[in-house]
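**Q**
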Amino acid sequence: MKSQLDDKSKETLTKQGYSVIGDHSVVKVCGWTKNTLKGKGGCYKLKFYGIKSHKCMQMSTSVSCANRCSFCWRDYKSPVSKDWDWGVDDPTFILDESLKAHHKQLVGFKGRDATPKKLYEQSTDVAHVALSLTGEPIAYPRMNEMVEDFHSRNISTFIVTNAQFPDCIRTLYPITQLYASMDGPNPKTLKELDVPLFKNYWERFIQSLDYLAMRNDRTAIRITCVKGINMIDPQGYAKLIQRADADLVEVKSYMFVGASQDRLKFENMPKCEEIKVFTHQILEYLPEYEYISHHDSSRVSLFAKKTFEKQTWIDYPKFMLDFPKQLEDFKKIDFKSVEFKHRDDPVEDRSYLV
Ligand code: SF4
Numbered sequence: 092m093k094s095q096l097d098d099k100s101k102e103t104l105t106k107q108g109y110s111v112i113g114d115h116s117v118v119k120v121c122g123w124t125k126n127t128l129k130g131k132g133g134c135y136k137l138k139f140y141g142i143k144s145h146k147c148m149q150m151s152t153s154v155s156c157a158n159r160c161s162f163c164w165r166d167y168k169s170p171v172s173k174d175w176d177w178g179v180d181d182p183t184f185i186l187d188e189s190l191k192a193h194h195k196q197l198v199g200f201k202g203r204d205a206t207p208k209k210l211y212e213q214s215t216d217v218a219h220v221a222l223s224l225t226g227e228p229i230a231y232p233r234m235n236e237m238v239e240d241f242h243s244r245n246i247s248t249f250i251v252t253n254a255q256f257p258d259c260i261r262t263l264y265p266i267t268q269l270y271a272s273m274d275g276p277n278p279k280t281l282k283e284l285d286v287p288l289f290k291n292y293w294e295r296f297i298q299s300l301d302y303l304a305m306r307n308d309r310t311a312i313r314i315t316c317v318k319g320i321n322m323i324d325p326q327g328y329a330k331l332i333q334r335a336d337a338d339l340v341e342v343k344s345y346m347f348v349g350a351s352q353d354r355l356k357f358e359n360m361p362k363c364e365e366i367k368v369f370t371h372q373i374l375e376y377l378p379e380y381e382y383i384s385h386h387d388s389s390r391v392s393l394f395a396k397k398t399f400e401k402q403t404w405i406d407y408p409k410f411m412l413d414f415p416k417q418l419e420d421f422k423k424i425d426f427k428s429v430e431f432k433h434r435d436d437p438v439e440d441r442s443y444l445v
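In terms of my numbering, the sequence shown is residues 92 to 445.
1) I'd like the span of the alpha helix (DSSP H) that includes residue 157, first residue to last.
2) Residue 357 by DSSP, collapsed to three states: which one?
3) Rounded to whole angstroms, how far is the Cβ of residue 315 from the Cβ of residue 345, which I believe are closer than 8 Å?
4) Residue 263 to residue 204, Cα distance in whole Å?
5) In whole angstroms, what is the alpha-carbon distance linking residue 173 and residue 349?
6) By Cβ distance, which residues of its chain are closer than 6 Å to residue 328, with the 5 residues on each side in sequence left out?
7) Where are the beta strand (DSSP E) runs, 3 residues long or more, that stay fully inside the stretch 384–422, in chain order?
8) What whole-angstrom Cβ distance do residue 238 and residue 260 have, given they're in contact under 8 Å?
9) Give me the DSSP bridge partner(s) of residue 269.
10) Per DSSP, what kind of secondary structure is residue 341 in: helix, strand or coil?
11) When the distance is taken between beta carbons, is residue 391 closer than 8 Å to residue 317?
12) Is there a C-beta anywhere in chain D that falls below 8 Å from the one on residue 353?
13) Measure from the alpha carbon of residue 354 to the alpha carbon of each residue in 340, 291 and 283, then state which is nearest.
14) Does the ligand SF4 have even one heavy atom less than 7 Å from the beta-carbon of residue 249?
15) So does residue 160 have its beta carbon nearer than 7 Å to some heavy atom of the ligand SF4?
16) Relative to the C-alpha of residue 139, which residue among 398, 340, 419 and 414 is closest?
17) Would you identify the three-state DSSP class for residue 219, choosing helix, strand or coil?
18) Can you confirm whether the stretch 227–244 touches the stretch 96–106 when touching is taken to mean that 3 or more C-beta pairs between the two stretches lie within less than 8 Å?
19) Would you list the one or two residues that DSSP bridges to residue 112?
20) How big is the Cα-Cα spacing for residue 210 and residue 288?
21) Do the CB positions of residue 179 and residue 169 come within less than 8 Å of each other?
22) Please report the residue range of the alpha helix (DSSP H) in which residue 259 lies.
23) Reducing DSSP to helix, strand and coil, say where residue 104 ends up.
24) When you compare each of 366, 160, 351 and 195 to residue 255 by their alpha carbons, which one comes out closest?
25) In the DSSP assignment, the alpha helix (DSSP H) including residue 237 goes from what residue to what residue?
26) For residue 142, verify whether its CB is less than 7 Å away from any heavy atom of the ligand SF4.
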């Protein structure tokens with residue numbers, strides 16, 4: 092079967108510090124994982140959700156994506172596709188090899204003066220995976236087997252999707268926290284920033300939000316704010332957040348890094364204060380949510396449903412224990428009801444269509 096990555100792409104990715112696993116997966120140690128091992132503190136997900144950065148592996152099961160987001164650090168030579176048109180690697184192979192590659196990338200920290208011995212030892216026991224490195228991880232056709240494998244090894248799962256594959260959101264087994272990107276409050280802005288391959292990108296996005304609303308795991312919306320482009324219409328964002336019935340919302344600054352610097356300007360990167368102001372503007376339309384926290388280095392604010400009572404940290408051992416029951420309940424969800432809701436929408440309400 093065809094490989095998603097040809098030899099030249101694999102070589103380029105390797106030079107950029109990625110470890111290529113099989114034909115479509117990659118692993119790269121996160122800067123925050125390294126920071127923690129240097130005793131410099133963890134990422135914003137430590138502050139918000141209790142993720143231990145030195146025990147976190149960053150990877151993706153698909154380098155290919157269906158969008159060409161302007162703010163992405165990848166360049167446009169990275170593969171893009173609407174379908175899975177390649178061979179499918181075995182999930183256990185991907186996971187085993189990813190863990191090996193992750194540990195290999197970290198082995199240089201062993202014995203370093205600046206790295207506490209205990210922290211390095213703990214890092215060899217991965218407890219979290221962030222499937223958000225690059226591409227669209229949930230497009231990988233055997234993702235559910237992989238989710239089960241992660242959880243059977245007590246590895247929590249955070250996955251970020253661009254919300255262009257609603258059927259993958261519908262069928263994905265419960266994970267620890269599922270994110271959907273929301274890069275605009277209307278079709279025009281979303282198209283301008285995300286540059287989607289799909290013509291019906293807005294309908295796919297809306298269908299994704301409706302499926303998200305029906306899921307029984309923790310869901311989050313991430314808004315990547317690009318100053319001068321999508322920090323508009325807070326009420327529009329609020330309506331979409333309500334439609335997705337998201338548990339949590341992260342409002343995060345675009346970062347002026349990588350290939351995005353060719354497409355955007357430094358001035359497009361909002362400051363912490365601007366992120367906080369925009370977060371509160373959205374919150375004005377969401378009485379059922381409340382502000383939780385902000386992380387300065389990542390320029391990200393978090394708000395959550397009031398039902399959380401400001402306690403957004405995750406009890407990871409409990410999640411692992413509850414997973415079999417959660418999966419059983421998930422299989423009973425009638426996702427068809429929202430498909431029909433779409434078909435029955437009166438024409439005047441179909442503003443989400445392109
Ligand atoms: S959760 Fe994300 S930012 Fe934090 S250590 Fe893991 S990969 Fe890095």
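Note that the Cβ used here is the ideal one computed from N, Cα and C, for glycine as well.
**A** For this structure:
1) Here residue 157 refers to the residue found at position 66 when the sequence shown is read from its first residue. According to the DSSP assignment, residue 157 belongs to no alpha helix (DSSP H), since it is labelled neither H nor E.
2) What you label residue 357 is simply residue 266 of the sequence shown in a count that begins at 1. Residue state, collapsed to three classes: helix.
3) Within the sequence shown, numbered from 1, the residue matching residue 315 stands at position 224. Within the sequence shown, numbered from 1, the residue matching residue 345 stands at position 254. Right, their Cβ atoms sit about 5 Å apart.
4) Here residue 263 refers to the residue found at position 172 of the sequence shown. Here residue 204 refers to the residue found at position 113 of the sequence shown. Their backbone Cα atoms lie some 43 Å apart in a straight line.
5) By 1-based counting over the sequence shown, the position of residue 173 is 82. By 1-based counting over the sequence shown, the position of residue 349 is 258. Answer to the nearest angstrom: the Cα atoms are 24 Å apart.
6) Translated into positions along the sequence shown, residue 328 becomes position 237. In chain order, 276 and 373 place their CB closer than 6 Å to the CB of residue 328, counting only its own chain and leaving out the 5 sequence neighbours on each side.
7) Segments of the beta strand (DSSP E) lying fully in the stretch 384–422: 391–396.
8) The residue given as residue 238 occupies position 147 in the sequence shown. The residue given as residue 260 occupies position 169 in the sequence shown. In fact, because the Cβ distance is near 13 Å, the residues do not count as touching under 8 Å.
9) As a position in the sequence shown, residue 269 is number 178, starting the count at 1. Note: residue 269 sits in a beta bridge opposite 250 and 310.
10) Position 250 of the sequence shown, counted from the first residue, corresponds to residue 341. Residue state, collapsed to three classes: strand.
11) Numbered from its first residue, the sequence shown carries residue 317 at position 226. Numbered from its first residue, the sequence shown carries residue 391 at position 300. Contact flag unset, no.
12) Going by chain labels, chain D is absent from the structure shown, which holds only one protein chain.
13) As a first step, residue 354 is located in the sequence shown; it is residue number 263 there, counting from the start. The shortest C-alpha separation from residue 354 is found at 283.
14) The residue you call residue 249 lines up with position 158 of the sequence shown. In this structure, the ligand SF4 has a non-hydrogen atom nearer than 7 Å to the beta-carbon of residue 249.
15) Locating residue 160 in the sequence shown gives position 69, counting from the first residue. Taking non-hydrogen atoms of the ligand SF4 into account, the C-beta of residue 160 is found less than 7 Å away from none of them.
16) In the sequence shown, the residue the question calls residue 139 occupies position 48. 340 is the residue among 398, 340, 419 and 414 whose C-alpha sits nearest the C-alpha of residue 139.
17) On the sequence shown, position 128 is the one that residue 219 refers to. DSSP places residue 219 in strand when its eight states are reduced to three.
18) Cβ pair count under 8 Å is below three, so no.
19) Here residue 112 refers to the residue found at position 21 when the sequence shown is read from its first residue. BP columns for residue 112 point to 116.
20) Indexing the sequence shown from 1 puts residue 210 at position 119. Indexing the sequence shown from 1 puts residue 288 at position 197. Rounded to the nearest angstrom, the two C-alpha atoms are 43 Å apart.
21) Within the sequence shown, numbered from 1, the residue matching residue 179 stands at position 88. Within the sequence shown, numbered from 1, the residue matching residue 169 stands at position 78. No.
22) Counted from its first residue, the sequence shown places residue 259 at position 168. If you look at residue 259, you'll find it in the alpha helix (DSSP H) that goes 257–262.
23) Position 13 of the sequence shown holds residue 104. DSSP places residue 104 in helix when its eight states are reduced to three.
24) As a first step, residue 255 must be located in the sequence shown, where it is residue number 164. Nearest to residue 255 by alpha-carbon distance, out of 366, 160, 351 and 195, is 160.
25) The sequence position of residue 237 within the sequence shown is 146, counting from 1. From DSSP, the alpha helix (DSSP H) with residue 237 extends over 234–243.
26) Against the sequence shown, residue 142 aligns to sequence position 51. Placement of the Cβ of residue 142 at a distance of less than 7 Å from at least one heavy atom of the ligand SF4 is found.
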